[in-house]
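Asks: Here you go, one structure.
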Amino acid sequence: MDKLLIEGGTRLSGEIAISGAKNAALPILCAALLTKEPVTFTNVPRLNDIGTLLRLLEQMGVKVSRDADVVTLDASGVDNPVASYEMVKTMRASILVLGPLVARFGEARVSLPGGCAIGARPVDQHIKGLQAMGAEVKVEHGYVHAKVPRLKGARLFTDMVTVTGTENLMMAACLADGETVIENAAREPEVVDLANCLVAMGARISGAGGDVIRIQGVDALHGATHRVMPDRIETGTYLCAAAVTGGEVRLTGTSASYLDSVIDKLMDAGCEVTAERDAIRLKGPARLAAVSLRTSPYPAFPTDMQAQFMAINAVADGTSIIRETIFENRFMHAVELQRLGADIRIDGNTAVVKGVAKLEGATVMATDLRASASLIIAGLVAEGETTIERIYHLDRGYERLEEKLSALGARVRRLR
Ligand code: UD1
Numbered sequence: 001m002d003k004l005l006i007e008g009g010t011r012l013s014g015e016i017a018i019s020g021a022k023n024a025a026l027p028i029l030c031a032a033l034l035t036k037e038p039v040t041f042t043n044v045p046r047l048n049d050i051g052t053l054l055r056l057l058e059q060m061g062v063k064v065s066r067d068a069d070v071v072t073l074d075a076s077g078v079d080n081p082v083a084s085y086e087m088v089k090t091m092r093a094s095i096l097v098l099g100p101l102v103a104r105f106g107e108a109r110v111s112l113p114g115g116c117a118i119g120a121r122p123v124d125q126h127i128k129g130l131q132a133m134g135a136e137v138k139v140e141h142g143y144v145h146a147k148v149p150r151l152k153g154a155r156l157f158t159d160m161v162t163v164t165g166t167e168n169l170m171m172a173a174c175l176a177d178g179e180t181v182i183e184n185a186a187r188e189p190e191v192v193d194l195a196n197c198l199v200a201m202g203a204r205i206s207g208a209g210g211d212v213i214r215i216q217g218v219d220a221l222h223g224a225t226h227r228v229m230p231d232r233i234e235t236g237t238y239l240c241a242a243a244v245t246g247g248e249v250r251l252t253g254t255s256a257s258y259l260d261s262v263i264d265k266l267m268d269a270g271c272e273v274t275a276e277r278d279a280i281r282l283k284g285p286a287r288l289a290a291v292s293l294r295t296s297p298y299p300a301f302p303t304d305m306q307a308q309f310m311a312i313n314a315v316a317d318g319t320s321i322i323r324e325t326i327f328e329n330r331f332m333h334a335v336e337l338q339r340l341g342a343d344i345r346i347d348g349n350t351a352v353v354k355g356v357a358k359l360e361g362a363t364v365m366a367t368d369l370r371a372s373a374s375l376i377i378a379g380l381v382a383e384g385e386t387t388i389e390r391i392y393h394l395d396r397g398y399e400r401l402e403e404k405l406s407a408l409g410a411r412v413r414r415l416r
């Protein structure tokens, strides 16, 4: 299994380009199932999760062509509306095929994702929404089996804000008969990007980005071309990496507008951040100040940046309190950070991080995607060498990670 070796202590500096957003690309690629005409996507990141989804779509009968960051999908010949356990267990976001399949083909069989490292993560809200739209849904033998001649527009309310739940139901509603209103909708920029793509395909959607989304169902969608938005979590991760090393970087192909809550915290920590039209500059101070935070749905602080901030707080001046309100078990990086010398106490969904003067390199284990990112950040500032094991998590969500870090001057190497 690949490992990543980081020699800490380099100030990051320079410029790198941010890739397309994984969490926008995943639902957007699934949207191609809604039409029999080819759809072309640009700025699609080359990540393992994207490869997994494309394989899943191929298994269903979608024709996939891919050239660098451009992917064209032709779902005219879909003959197998099934997502098997083998595929879904490697990537939970496979559940995003459920809404489009039921909407276009009137039937889908999608494996239940099961738990994952960071929590139980059920999909009951996705199911409840489809039922409210008239689908007959059975959960049997670990599979969600949904059937309906044609979905009917409905008023939907989700018990909690769910990102992929909102996306699944929004896609399903595009081909439903009549109007669907999704209340308590997720406001994440990735939901807006998906809505923009669907509108380019002929969908009638208003309100995406707010907590009430209205969709007027149409009989069919058509082909289109869509550019995937920049990855705000990749952006935030490199900002943290630069900040903790007292570095100075410019990230291009991205936008500060998706990152208000994160940039706000980085500024509180003492960084200078400048937003440009399609780029962000950051200059880190000699030592960061500790910043407390609480994760919540967008536009509040993202759970996907919590681990990275725990790493920077570990060496910041002062004590911070981190509250995780989205997932029940998302502090696994804390014990690994402790192996590097961090002083972190966990009590339920709260972590108290006392900044230490320095971390020391050690061997640590990545447990999930963003936990891995936090270990990299810690490794960059730790004294000596840090070895990160199980980095396959990183390959799921960070495109050309070593190349980008090296371009900023980090001493990092992959051991195969
Ligand atoms: C998405 C993101 C993930 C991010 C998360 C929260 C993608 C592919 N993934 O995941 O990176 O960390 O949003 O911002 O976009 N829940 C239920 N029942 C449901 C659905 C959700 O109980 O039917 C709960 C979840 O267990 C969790 C909370 O709601 O506690 C939010 O989850 P959700 O927004 O659905 O996360 P994902 O869409 O899976």
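Just so we're aligned, residue 1 is where the sequence shown starts under UniProt numbering, counting upward by one. Using N, Cα and C, we set each Cβ at its ideal position, and we do this for glycine too. Just so you know, these numbers come straight off a predicted model, no measurement behind them.
1) Let me check you understand the geometry: is the CB of R121 closer than 7 Å to at least one non-hydrogen atom of ligand 2?
2) Using 8 Å for Cβ pairs, my map puts L12 next to A242. What's the rounded Cβ distance?
3) Residue range of the beta strand (DSSP E) that R227 falls in?
4) By the DSSP assignment, the alpha helix (DSSP H) with T235 in it spans what residues?
5) Would you call A286 buried or exposed, if buried means 16 or more other Cβ atoms sit within 10 Å of its Cβ?
6) Does the distance from the C-beta atom of G217 to that of G153 stay below 8 Å?
7) Under the criterion of a Cβ to heavy atom distance below 7 Å, does N48 qualify as lining ligand 1?
8) Cβ-heavy atom distance between Q131 and ligand 1 below 7 Å?
9) At the level of alpha carbons, what is the spacing between T386 and L4?
10) When you compare only the Cα positions, how much space is there between D343 and A357?
11) Just curious, the beta strand (DSSP E) that F41 is in, first and last residue?
12) For K138, count neighbouring C-beta atoms within 10 Å of its own C-beta (all shown protein chains included) and say buried if the count is 16 or more, exposed if not.
13) I believe A185 touches P100 by the beta-carbon criterion, under 8 Å. Please report the beta-carbon distance rounded to the nearest angstrom.
14) Specify the secondary structure class of V356 as computed by DSSP and reduced to three states.
15) Nearer than 7 Å: is that true of the beta carbon of R92 relative to any heavy atom of ligand 1?
16) Start and end of the alpha helix (DSSP H) containing G165?
17) Going by the DSSP bridge assignment, what does R294 pair with across the sheet?
18) Does at least one heavy atom of ligand 1 sit under 7 Å from the Cβ of V137?
19) For the segment 79 to 91 against the segment 149 to 165, are there 3 or more C-beta pairs whose distance is under 8 Å?
20) Leaving out five residues before and five after M365 in sequence, what residues of the same chain have Cβ atoms less than 7 Å from its Cβ?
21) Taking only runs of the beta strand (DSSP E) that begin and end inside the segment 85 to 147, which ones reach a length of at least 3 residues, in chain order?
22) Take the Cβ of V191 as the centre, count every other Cβ of all protein chains shown within 10 Å, and call the residue buried at 16 or more, exposed below.
23) To test your reading of the DSSP string, which unbroken alpha helix (DSSP H) runs of 4 or more residues are found completely within the segment 245 to 285?
24) How far does the alpha helix (DSSP H) with K404 in it extend, from its first residue to its last?
25) Measuring CA to CA, which of M160, R411, H141 is closest to K128?
26) Starting from G397, follow the alpha helix (DSSP H) in both directions and report where the run begins and ends.
27) For G284, count neighbouring C-beta atoms within 10 Å of its own C-beta (all shown protein chains included) and say buried if the count is 16 or more, exposed if not.
28) Three or more C-beta pairs under 8 Å: does that hold for the segment 94 to 113 against the segment 141 to 149?
29) In or out: S255 buried (at least 16 other Cβ within 10 Å) or exposed?
30) Which of helix, strand or coil does DSSP assign to A83?
Replies: Taking the coordinates as given:
1) In the structure shown, ligand 2 is absent; the only ligands present are ligand 1.
2) Your numbering for residue 12 matches position 12 in the sequence shown. Your numbering for residue 242 matches position 242 in the sequence shown. Contact holds; Cβ gap of about 5 Å.
3) As a working note, residue 227 is residue 227 in the sequence shown. The continuous beta strand (DSSP E) containing R227 extends over residues 225 to 227.
4) Your numbering for residue 235 matches position 235 in the sequence shown. From DSSP, the alpha helix (DSSP H) with T235 extends over 232 to 244.
5) Along the sequence shown, one-based indexing puts residue 286 at 286. Burial call: exposed.
6) Residue 217 sits at position 217 when you count from the first residue of the sequence shown. Residue 153 sits at position 153 when you count from the first residue of the sequence shown. In contact: G217 and G153 (Cβ atoms closer than 8 Å).
7) Along the sequence shown, read from residue 1 onward, the residue named residue 48 stands at position 48. Checking every heavy atom of ligand 1 against the Cβ of N48, none is found closer than 7 Å.
8) Position 131 of the sequence shown, counted from the start, is the residue given in the question as residue 131. No, the beta carbon of Q131 sits no closer than 7 Å to any heavy atom of ligand 1.
9) Counting from 1 along the sequence shown, the entry for residue 386 is found at position 386. Counting from 1 along the sequence shown, the entry for residue 4 is found at position 4. Rounded to the nearest angstrom, the two C-alpha atoms are 8 Å apart.
10) Counted from its first residue, the sequence shown places residue 343 at position 343. Counted from its first residue, the sequence shown places residue 357 at position 357. One C-alpha to the other measures close to 11 Å.
11) The residue you call residue 41 lines up with position 41 of the sequence shown. Start and end: 39 to 42.
12) What you label residue 138 is simply residue 138 of the sequence shown in a count that begins at 1. Exposed, because fewer than 16 other Cβ atoms sit within 10 Å of the Cβ of K138.
13) Counting from one through the sequence shown, the residue named residue 185 turns up at place 185. Counting from one through the sequence shown, the residue named residue 100 turns up at place 100. Going by Cβ atoms, the distance from A185 to P100 rounds to 17 Å, so no, they are not a contact pair.
14) Numbered from its first residue, the sequence shown carries residue 356 at position 356. If DSSP states are grouped into helix, strand and coil, V356 belongs with coil.
15) If you number the sequence shown from 1, residue 92 lands on position 92. Yes, since a heavy atom of ligand 1 falls inside the 7 Å radius drawn around the Cβ of R92.
16) As a first step, residue 165 is located in the sequence shown; it is residue number 165 there, counting from the start. That run of the alpha helix (DSSP H) goes 163 to 174.
17) Taking the sequence shown and counting its residues from 1, the one referred to as residue 294 is at position 294. Beta-bridge pairing links R294 to R323.
18) Here residue 137 corresponds to residue number 137 of the sequence shown, with the count starting at 1. Answer for V137: no, Cβ out of range of ligand 1.
19) no
20) The sequence position of residue 365 within the sequence shown is 365, counting from 1. Excluding positions up to five away in sequence, the list reads E336, E389, R390.
21) 107 to 111, 136 to 140, 143 to 147
22) Residue mapping note: residue 191 aligns to position 191 of the sequence shown, counting from 1. The residue in question, V191, is buried, as its Cβ has 16 or more Cβ neighbours within 10 Å.
23) 260 to 268
24) The count along the sequence shown starts at 1 and reaches residue 404 at position 404. From DSSP, the alpha helix (DSSP H) with K404 extends over 401 to 407.
25) Residue numbering aside, residue 128 sits at position 128 when the sequence shown is read from its first letter. Out of M160, R411, H141, M160 has the C-alpha closest to the C-alpha of K128.
26) Along the sequence shown, read from residue 1 onward, the residue named residue 397 stands at position 397. Unbroken alpha helix (DSSP H) run through G397: 392 to 397.
27) Indexing the sequence shown from 1 puts residue 284 at position 284. With 16 or more other Cβ atoms within 10 Å, it is buried.
28) Put simply, the segment 94 to 113 touches the segment 141 to 149. At least three CB pairs are less than 8 Å apart.
29) The residue given as residue 255 occupies position 255 in the sequence shown. So S255 counts as buried.
30) Position 83 of the sequence shown, counting from 1, holds the residue named residue 83. If DSSP states are grouped into helix, strand and coil, A83 belongs with the strands.
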